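Colleague:
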Amino acid sequence: MEKPSISEGITPLSGLALDEAVASAHGGMITPPMEKSLIARFPASFFAIGLGTSSFAGSWQLAHQLWAAPEGIVVALMLLAACLWAVLLTLYILKLSLAPLAMRAELANPVQNCFPGLAGVGMMLTAVSIMPYSKVGAVVLLSTGGVLATSYGIWRTQKIWRGTISLSDATPALYLPVAAASFVLSIGLSTFGWFDWAELALGAGLFSWLATESLLFGRLYFGEPLAGQIRSTMGVQLAPPAVCSLAYADLSGTAGDVFIHSLVGYALLQAIVVGAILSRVVRRFSAGLWSVSFGATALATSIEKLAVRGDTNVATVLALPVFVGVNLLILWLAVRTIISAVSGSLLQVTQEEK
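Each position in the sequence shown, counted from 1, maps to that position plus 1174 in this note's numbering.
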């Protein structure tokens, strides 16, 4: 029988299985009530919900400029995203304080430890959203989020370089700690007019993405299929080209050139492939499916931005259908998440799907 990898049988939505193993190794240092608490099982992967919501609000901001979408919806989405981030950050801080072994188990898992840095990424996205309303608050959030995301990305990178992970544990979530964080930092820096620094962040994200993608494609083409609930991390595959195109658009100010059109084209290809794959391999809804939301909303925002700037050849044709498709995706994810929360299955630990 093949030896399972460390991530098999563990969803990206809970560190409970590893938490129990850590507790056992430490002589049962945490009691059953604590290790089974909701706080102990609150995963960093839930930050993907806040990330998708914040990016979705940004998409509606451009829809207001492009099609005169109601400003009330834009404001409501921004407030919802900000409140959601506040709740997610509070819960994760409580996990750090009340369930340290669960936190350590999450950081020890090669799949789950890709997500904690999203806390800082979310702060940077929130900074971009509130920039028109509070420049001081935006600067504080961008600085804090940038330091957190960059520090975590560096820490995790040197941890991998000093050790090894199984090839079976390599998933598209590997893009998140460095590539995604760098792209969002570039977007934030461009928003404040710090273009030279934004170029550095864009370069860090671009080449980290390309280096990681070559590894992942080799693993996905010739390795074993992704196990169980970590299949939902396939949704992250859409994010790098989509977020890179948005970062490049913010930095260059272009109304459309060959590079950004190439990025958008590749992102569209990834969207089609990811959509087809997820519908076939993910048999049970989990909040991990929110991993596709950031890339999808970033793609819509990038195309809308080009359309606002007068790109009539590509962006004007694609902007509305992509925007509508993203709205349907977010609505579906939100409804299914609420149903799962009400039914009590949102944090349920499941075994690997067959």
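Yeah, the Cβ is synthetic: ideal placement off N, Cα and C, and Gly gets one too.
Only a predicted model underlies this, so the values are computations on that prediction, with no experimental measurement involved.
1. Going straight from the alpha carbon of F1289 to that of A1354, what length do you get?
2. With 16 other CB atoms within 10 Å as the buried threshold, where does E1280 fall?
3. To the nearest angstrom, report how far apart M1338 and A1293 are at their CA atoms.
4. Can you have a look at E1478 and say buried or exposed, based on whether 16 or more other CB atoms are within 10 angstroms of its CB?
5. Taking 6 Å as the limit between beta carbons, can you name the residues of its chain near A1493, skipping five residues before and five after?
6. Less than 7 Å separating the beta-carbons of G1362 and L1322?
7. I need the straight-line Cα distance from G1469 to A1312, nearest angstrom please.
8. Give the DSSP-derived three-state secondary structure of Y1326 in the structure shown.
9. To the nearest angstrom, how far is the alpha carbon of K1269 from that of A1276?
10. Quick check on the DSSP output: what are the complete alpha helix (DSSP H) runs of length 4 or more inside the stretch 1290 to 1328, in order along the chain?
11. Taking the alpha-carbon positions, what's the S1211 to L1463 distance?
12. State yes or no: is the C-beta of L1437 within less than 7 Å of the C-beta of P1415?
13. Just mark G1232 as buried or exposed, buried being the case when its beta carbon has 16 or more other beta carbons within 10 Å.
14. Closest by CA to T1407, which one among P1284, A1250, L1262?
15. Using the rule of at least 16 other Cβ atoms within 10 Å of the residue's Cβ for burial, across every protein chain shown, is I1434 buried or exposed?
16. Of all the options T1365, S1342, S1303, G1409, which has the alpha carbon lying nearest to the alpha carbon of Y1349?
17. Can you give the Cα-Cα distance for S1514 and F1220, rounded to whole angstroms?
18. Under 7 Å Cβ to Cβ from M1252, same chain only, skipping five residues before and after it: list those, please.
19. Taking the alpha-carbon positions, what's the F1357 to C1418 distance?
20. For the ligand ATP, I want to know if A1423 counts as a neighbour, meaning its beta carbon is within less than 6 Å of at least one of the ligand's heavy atoms.
21. Name the residue from D1343, G1327, G1397 whose alpha carbon lies nearest to the alpha carbon of A1375.
22. So, are the CB atoms of V1249 and H1238 less than 7 Å apart?
23. Less than 7 Å separating the beta-carbons of V1448 and R1405?
24. Please look up how many angstroms separate the CB atoms of L1412 and A1385, rounded, as I've assumed it's under 8 Å.
25. Around the Cβ of Q1332, are there at least 16 other Cβ atoms within 10 angstroms (buried) or fewer (exposed)?
26. Can you find the residues in the same chain that come closer than 8 Å, C-beta to C-beta, to V1500, ignoring five residues on each side of it along the sequence?
27. Could you work out which residue in Q1286, D1485, L1272, L1225 is closest to V1295 when comparing CA atoms only?
28. Judging by CA-CA distance, which residue of L1258, P1495, A1273, T1300 is the nearest neighbour of L1359?
29. Report the three-state DSSP secondary structure of A1515 (helix, strand or coil).
30. What does the alpha-carbon distance come out to for the pair L1521 and F1459?
31. Return the chain-ordered ranges of every alpha helix (DSSP H) run that is complete within the stretch 1405 to 1454 and spans a minimum of 4 residues.
32. Considering R1393, what are the terminal residues of the alpha helix (DSSP H) in which it resides?
33. Rounding to the nearest angstrom, what Cα-Cα distance links V1432 and T1318 in this structure?
34. How should D1343 be labelled, buried or exposed, when 16 other C-beta atoms within 10 angstroms of its C-beta is the threshold for buried?
35. Can you list, in chain order, the residues of its chain with a C-beta nearer than 6 Å to that of A1255? Leave out the 5 residues immediately preceding and following it.
36. With a threshold of 16 other CB atoms inside 10 Å of the CB of G1291, please say whether the residue is buried or exposed.
Modeller: Put simply:
1. 11 Å
2. buried
3. The identity of residue 1338 in the sequence shown is Thr, whereas the question assumes Met. When rounded, the distance between both Cα atoms is 25 Å.
4. buried
5. Within the same chain, I1477, E1478, A1481 come within 6 Å of A1493 by CB-CB distance, once the 5 residues on both sides are set aside.
6. no
7. 23 Å
8. helix
9. 8 Å
10. 1292 to 1304
11. 23 Å
12. yes
13. buried
14. P1284
15. buried
16. Selected option, being the one with the closest Cα: G1409.
17. Their backbone Cα atoms lie some 13 Å apart in a straight line.
18. Here M1252 has A1231, S1303 as same chain residues with Cβ atoms under 7 Å from its own Cβ, once five neighbours each way along the sequence are excluded.
19. 6 Å
20. The ligand ATP is not part of this structure, which contains no ligands at all.
21. G1327
22. Taking the C-beta atoms as reference points, H1238 is found no nearer than 7 Å to V1249.
23. No, they are not a contact pair.
24. That pair is no contact at about 18 Å.
25. exposed
26. F1230, S1233, A1470, T1471, L1473, A1474
27. L1225
28. T1300
29. Look at A1515 here: in three-state DSSP terms it is helix.
30. Take the alpha-carbon of L1521 and the one of F1459: they are about 12 Å apart.
31. The qualifying runs are 1413 to 1426.
32. Note, R1393: alpha helix (DSSP H), 1369 to 1396.
33. 34 Å
34. buried
35. Around A1255: T1227, S1228, A1231.
36. Buried, because 16 or more other Cβ atoms sit within 10 Å of the Cβ of G1291.
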